[in-house]
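Written out below as structure tokens is the structure these notes cover.
Numbering (the numbering used here), first residue to last: 3 to 317.
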């Protein structure tokens, strides 16, 4: 009889409860798909969580020595360096052929162990920039739900760990097994789009004070065609000075910023109204529904109708 595929969840101090629970549910033996899941910590005992309770783990890092798959949940504070023995254990597991996966901020543990060097990876959108800055040898993809690099996999924040674990099941056992587990968890077997659709809408936020009034002025006129000359005139600057100052304050060109503001405003209208896509496109200055769909897909990796189905009615 073939032994079960051993999944070990490495619970580090400050582990996020949802991140720990997801692999425990997906790979639970009761699914009937040949997985065996257990938890370990740096040492056996109680590991404090991010919250007011802890996790009882029966084994320490020695559990990684016979794991087929190691899952590292996110932990807080994000980016905290891992103990040296954790890095050694992760590198040892990977070297002998174990699959290593992270959920959310758990990518920092893999990065700290050197397992992501030269690879693509992701993490929660709010930590993607920090991951890229701290570990420049990693190609960070902030907009996707997960990244599969073969023996190393990473996922975006929180619930994206579910997308990753179901992807692992699909890879191991096929679509029907993943679909059956997803049905039992009352979730979609495959989510449309990536992480970009969950980023907060911050187009009108003041990144600097000098041009804050001009940005607000532009936000109130998104239904019009706005030119650099008009924006510079409102800011009482020459176009050249305006372009330089705008890039300093926002990190983008005025036209890029306005396009993002139009898409963000369209997101709000899709969430809060029943207006047609064509009507919304007209109101936010994108002209036609086709134009809105094009930019929506490019920036958020979903269509307006898919976005509305996910977020309509959300406050």
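Cβ coordinates follow ideal geometry from the N, Cα and C atoms, glycine included.
Requested in this report: Under 6 angstroms Cβ to Cβ from residue 234, same chain only, skipping five residues before and after it: list those, please.
Outcome: Only 241 and 244 meet the Cβ criterion.
**Report entry** Through-space distance from residue 175 to residue 108, alpha-carbon basis
**Finding:** 25 angstroms
Requested in this report: Starting from residue 121, trace the alpha helix (DSSP H) both ways and give me its first and last residue.
Outcome: No alpha helix (DSSP H) holds residue 121; DSSP gives it neither H nor E.
Query raised in the report: Tell me which same chain residues have a C-beta within less than 6 angstroms of the C-beta of residue 280, skipping the five on either side of it?
Result: 291
Report task. Assign residue 165 to buried or exposed, taking buried as 16 or more other Cβ atoms, counted over all protein chains shown, within 10 Å of its Cβ. Result -> buried
Query raised in the report: So who's on the other strand from residue 267, going by DSSP bridges?
Result: None; residue 267 has no bridge partner.
**Report entry** Delimiting residues of the alpha helix (DSSP H) encompassing residue 24
**Finding:** That run of the alpha helix (DSSP H) goes 19-28.
Query raised in the report: With contact counted as at least three CB pairs below 8 angstroms, one residue from each stretch, are the segment 147-164 and the segment 105-121 in contact?
Result: yes
Query raised in the report: According to DSSP, what are the bridge partners of residue 38?
Result: According to DSSP, residue 38 bridges with 8.
Report task. Count the other CB atoms, across all protein chains shown, that sit within 10 Å of the CB of residue 197; report buried if there are 16 or more and exposed otherwise. Result -> buried
Query - Spatially closest choice to residue 23 from 161, 63 and 54, by CA coordinates - result: 161
Query raised in the report: Considering only residues of the same chain and omitting the five flanking positions on each side of residue 313, which have a CB-CB separation below 6 angstroms?
Result: 273
Requested in this report: Let me know the beta strand (DSSP E) ranges lying completely inside the segment 44-118, each 3 residues or longer, listed in chain order.
Outcome: 47-50, 56-59, 71-74 and 101-104
**Report entry** Contacting residues, own chain, Cβ-Cβ under 7 angstroms from residue 184 (five flanking each side not counted)
**Finding:** 168, 190 and 191
Query raised in the report: Any idea what DSSP makes of residue 13, helix, strand or coil?
Result: coil
Query raised in the report: In three-state DSSP terms, what is residue 296?
Result: Helix, per DSSP.
Query raised in the report: To the nearest angstrom, how far is it from the Cα of residue 193 to the Cα of residue 150?
Result: Rounded to the nearest angstrom, the two C-alpha atoms are 16 angstroms apart.
Query raised in the report: From residue 173 to residue 51, what does the alpha carbon distance come to, in whole angstroms?
Result: 30 angstroms
Report task. Report yes or no: do the segment 63-78 and the segment 11-20 share at least 3 C-beta pairs separated by less than 8 angstroms? Result -> yes
**Report entry** Endpoints, the beta strand (DSSP E) within which residue 156 is located
**Finding:** 154-157
Query - Cβ-based burial, residue 54 [other Cβ within 10 Å; buried from 16] - result: exposed
Query raised in the report: Is residue 265 closer than 8 angstroms to residue 301 when the C-beta atoms are compared?
Result: yes
Report task. Would you check if the distance between the CB atom of residue 44 and the CB atom of residue 87 is smaller than 8 angstroms? Result -> yes
Requested in this report: Compare the C-alpha of residue 318 against each of 268, 276, 293 and 297 and name the closest.
Outcome: Since the first residue of the chain shown is 3 and the last is 317, residue 318 is not available in this structure.
Report task. Excluding the 5 residues preceding and the 5 following residue 56 in the sequence, name in chain order all residues of the same chain whose CB lies nearer than 8 angstroms to its CB. Result -> Within the same chain, residue 56 has close Cβ partners 48, 49 and 50.
Query - Unbroken beta strand (DSSP E) run spanning residue 250, endpoints - result: Taken as a continuous stretch (DSSP letters only), residue 250 belongs to no beta strand (DSSP E), being part of the alpha helix (DSSP H) at 241-252.
Query raised in the report: Hey, quick one: how far does the beta strand (DSSP E) through residue 149 stretch, first residue to last?
Result: 148-150
Report task. Note the first and the last residue of the continuous alpha helix (DSSP H) segment covering residue 219. Result -> 214-221
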